[in-house]
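Chains as they are written, first to last, in our numbering: chain A, 1003 to 1635; chain B, 38 to 140.
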């Protein structure tokens, strides 16, 4: 389940290298030069792409199906500035290039992808890459943008200087890709020498960045490289978004707006979707007739699965927002604004990027920590990332808030009480993450502060294509989860709540288990049905909603009610709020546990994390319930 | 080599002449005010970080412009070789530059 948020790739048989024969091609280039966009074009796969450095943190492998060469393997690598491994993601790239990565074949040709908008600097990477001695094709990406902004370069001269073919491409538009086909076809013929005969290329002294830079500068001068005029828009936008006063203010307004939109647009959408699902369930039930099959399929499975499915619109809205943030280039700016806060808790500002993406899902966020150079900083970030409010918490938050919090306006129609409660839950998770990081950095993960080095990408308009692909992929993950884990859980729950036969719910197997654990959770204001939900949701947070849907559907007292009404019938305000607070803190997600185990290479860290988060969740939920019971009335 | 590096940084048109007679003195990159340009003299950072920065273009004779500071006053955004990179004051303090003023 640990791959819940990543794309599928293939297993490649590792064969020994044969001279002159190409089987495996690697994409190499500096961070944010467009390698993954090109990878997706060339393979037809859907590797994650966005506009900030460090999106790809491990190697991805695919077949070159996009250009009809399914017999060849393409490896996408994390971006690198040089062939020294200063961070975990760079180490991955260097090991794959040297053929030292277990499970990944050594490349026998290289596609070197450079951003032509900043060719002079990016050429520095060409020196160590060409020195590897593999057949190489240099791809000048975003050349359409370069030319549109008045830049130019003599590609023939560049090819002569470097002794390798050079092609201008645009990975986003898919332009110029036939050069890659030509290169691969030509190189596949063994009689062709790797470097064009007669050319004599000069490389700088290896391992010395200063000589790389002089070399790159010399080449760009001789090839008449003219950098495009800098993107004035980026400067102007930054003038506002990084402004002393407006910058942080705009950040807050945007966050408020998102929560309000999730309610004011998302809620009606999901209500409507819920009615459609319930109506369909009722009609199917009528076809089946009133018997145990109907009870299993409709009251059990349909009700359980549908109660989670209805949150699809809100989750997609949230992902749309995150997609705009990531694709526009704003994410790196947010990290810049947050660096001061992050430093005060002992973390690197760079940790803010994984933490922000943890609002979508903690699994890719934990992998994204590989860009953090300092190991202790990286572990601290991994340990606090699950506190960030991921999208799997959205269903239970939305359900409880819609059921228990009245829709009162606070700032006119702009910001309501429900959005405020939601926002405070997000803040609660954020504060817990910061406080825990502080605790870790001043105790077991103490380290001298690591430097903050962050490249700021130019702003780009997010493309409709890229945003809709994100939503489709996310929707698929959500539906797959509903169709597998949640379906299975609701099936098992229905069976356990009807065994032994003809017993009422409280005396069924599930009722007995629930009542066995009830004393532990009673002080939190939870009943035994919530208790069962806490157990099943260890698999994934949204499972609790499906569980409650099934259990309340099986209970004759609440069978005729909707899930929200059933919860109001059965739970106090204190218990409801304690439940969302519990979910703000608890680490209810096996995928996260698995990825933490993988990234820290030990069971010790995930075990510590799970125990700490569960204890915190219990205490905080207890406090919430007691405060509401005693002080709110 | 120095002349090439100077002329070609920042996308300055080839052939454009700089007046090198302007007074310049050694300073720390962190001390440069916004909008000014410095020429990197030396870096004094722990091995790996120094290497990383140098691969990003912070090598002697490279020209760095101070673009803006983050809302909290730190880190600062620098422009080098046509791209922008943010550094904390602690890091910028370890980079010695000579003031470069076009007269």
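Built from N, CA and C at the ideal position, the CB exists for glycine as well.
Source: prediction; values computed, not measured.
Between residue i and residue j, what straight-line distance do the alpha-carbon atoms span, to the nearest angstrom?
i: residue 1182 of chain A; j: residue 1373 of chain A; result: 29 Å
i: residue 1163 of chain A; j: residue 1129 of chain A; result: 12 Å
i: residue 1036 of chain A; j: residue 1517 of chain A; result: 56 Å
i: residue 1512 of chain A; j: residue 1534 of chain A; result: 8 Å
i: residue 1363 of chain A; j: residue 1092 of chain A; result: 23 Å
i: residue 97 of chain B; j: residue 76 of chain B; result: 7 Å
i: residue 1393 of chain A; j: residue 1321 of chain A; result: 8 Å
i: residue 1342 of chain A; j: residue 1271 of chain A; result: 39 Å
i: residue 1628 of chain A; j: residue 1599 of chain A; result: 35 Å
i: residue 1255 of chain A; j: residue 1242 of chain A; result: 14 Å
i: residue 1618 of chain A; j: residue 68 of chain B; result: 45 Å
i: residue 1391 of chain A; j: residue 1232 of chain A; result: 37 Å
i: residue 1370 of chain A; j: residue 1509 of chain A; result: 47 Å
i: residue 1204 of chain A; j: residue 1218 of chain A; result: 11 Å
i: residue 1437 of chain A; j: residue 1532 of chain A; result: 28 Å
i: residue 1522 of chain A; j: residue 1441 of chain A; result: 28 Å
i: residue 1366 of chain A; j: residue 1325 of chain A; result: 14 Å
i: residue 71 of chain B; j: residue 101 of chain B; result: 11 Å
i: residue 1138 of chain A; j: residue 1081 of chain A; result: 17 Å
i: residue 1199 of chain A; j: residue 1165 of chain A; result: Confidence at residue 1199 of chain A is low in this model, with a pLDDT of 45, below 50, so its placement is unreliable and the value that follows should be read with caution. Going from the Cα of residue 1199 of chain A to the Cα of residue 1165 of chain A covers about 9 Å.
i: residue 1581 of chain A; j: residue 128 of chain B; result: 45 Å
i: residue 1089 of chain A; j: residue 1375 of chain A; result: 5 Å
i: residue 1172 of chain A; j: residue 1153 of chain A; result: 15 Å
i: residue 1097 of chain A; j: residue 1277 of chain A; result: 53 Å
i: residue 118 of chain B; j: residue 1227 of chain A; result: 13 Å
i: residue 115 of chain B; j: residue 137 of chain B; result: 15 Å
i: residue 58 of chain B; j: residue 1380 of chain A; result: Per-residue confidence for residue 58 of chain B stands at a pLDDT of 46, beneath the threshold of 50, marking its modelled position as unreliable; the derived number appears in the next sentence. Approximately 48 Å, taken between the alpha carbons.
Beta carbon of residue i, beta carbon of residue j: below 8 Å?
i: residue 1456 of chain A; j: residue 1348 of chain A; result: no
i: residue 1067 of chain A; j: residue 1459 of chain A; result: no
i: residue 1339 of chain A; j: residue 108 of chain B; result: yes
i: residue 1045 of chain A; j: residue 1107 of chain A; result: no
i: residue 1079 of chain A; j: residue 1061 of chain A; result: yes
i: residue 1167 of chain A; j: residue 1159 of chain A; result: no
i: residue 1491 of chain A; j: residue 1549 of chain A; result: yes
i: residue 1447 of chain A; j: residue 1378 of chain A; result: yes
i: residue 1216 of chain A; j: residue 1230 of chain A; result: no
i: residue 1416 of chain A; j: residue 1262 of chain A; result: yes
i: residue 1388 of chain A; j: residue 1594 of chain A; result: yes
i: residue 1623 of chain A; j: residue 1405 of chain A; result: no
i: residue 1551 of chain A; j: residue 1565 of chain A; result: yes
i: residue 1385 of chain A; j: residue 1611 of chain A; result: yes
i: residue 1054 of chain A; j: residue 1333 of chain A; result: yes
i: residue 1317 of chain A; j: residue 1396 of chain A; result: yes
i: residue 1028 of chain A; j: residue 1112 of chain A; result: yes
i: residue 1043 of chain A; j: residue 1176 of chain A; result: yes
From which residue to which residue does the alpha helix (DSSP H) around residue i run?
i: residue 1402 of chain A; result: 1396-1406
i: residue 1112 of chain A; result: Premise fails: residue 1112 of chain A lies in the beta strand (DSSP E), 1111-1117, not in any alpha helix (DSSP H).
i: residue 1324 of chain A; result: 1314-1330
i: residue 1528 of chain A; result: It is not in any alpha helix (DSSP H) - residue 1528 of chain A carries neither H nor E in the DSSP assignment.
i: residue 1359 of chain A; result: 1354-1359
i: residue 86 of chain B; result: 84-92
Between which two residues does the beta strand (DSSP E) carrying residue i extend?
i: residue 1026 of chain A; result: 1026-1030
i: residue 74 of chain B; result: 74-80
i: residue 116 of chain B; result: 113-117
i: residue 1075 of chain A; result: 1071-1078
i: residue 136 of chain B; result: 132-137
i: residue 1064 of chain A; result: 1062-1066
i: residue 1458 of chain A; result: 1455-1458
i: residue 103 of chain B; result: 100-106
i: residue 124 of chain B; result: 120-124
If residue i and residue j are in contact, beta carbons under 8 Å, what's the gap, nearest whole angstrom?
i: residue 1156 of chain A; j: residue 1225 of chain A; result: 5 Å
i: residue 1488 of chain A; j: residue 1307 of chain A; result: 6 Å
i: residue 1127 of chain A; j: residue 1032 of chain A; result: 6 Å
Relative to chain A, which residues along the segment 115-137 of chain B have a C-beta separation below 7 Å, given in chain order?
118, 119, 120, 121, 122, 123, 124, 125, 127, 128
Name the residues in the segment 75-96 of chain B whose C-beta lies less than 8 Å from a C-beta of chain A; which are they?
82, 85, 86, 88, 89, 90, 91, 92, 93, 94, 96
Give me the subset of the segment 1068-1097 of chain A whose CB atoms are less than 7 Å from a CB atom of chain B, sorted by chain position.
1083, 1084, 1086, 1088
For the segment 1432-1463 of chain A, which residues have a beta carbon sitting closer than 9 Å to at least one beta carbon of chain B?
1451, 1452, 1453, 1454, 1455, 1456, 1457, 1458, 1459, 1460
Taking a cut of 7 Å between CB atoms, which residues from the segment 1325-1345 of chain A lie near chain B?
1338, 1339, 1341, 1342
For the segment 1114-1134 of chain A, which residues have a beta carbon sitting closer than 7 Å to at least one beta carbon of chain B?
1120, 1122, 1123, 1126
Output needed in chain order: residues of the segment 101-112 of chain B with a Cβ under 7 Å from some Cβ in chain A.
105, 107, 108, 109, 111, 112
Contacting positions in the segment 1237-1251 of chain A - beta carbon closer than 9 Å to chain B:
1237, 1240, 1241, 1244, 1245, 1246, 1247, 1248, 1249, 1250
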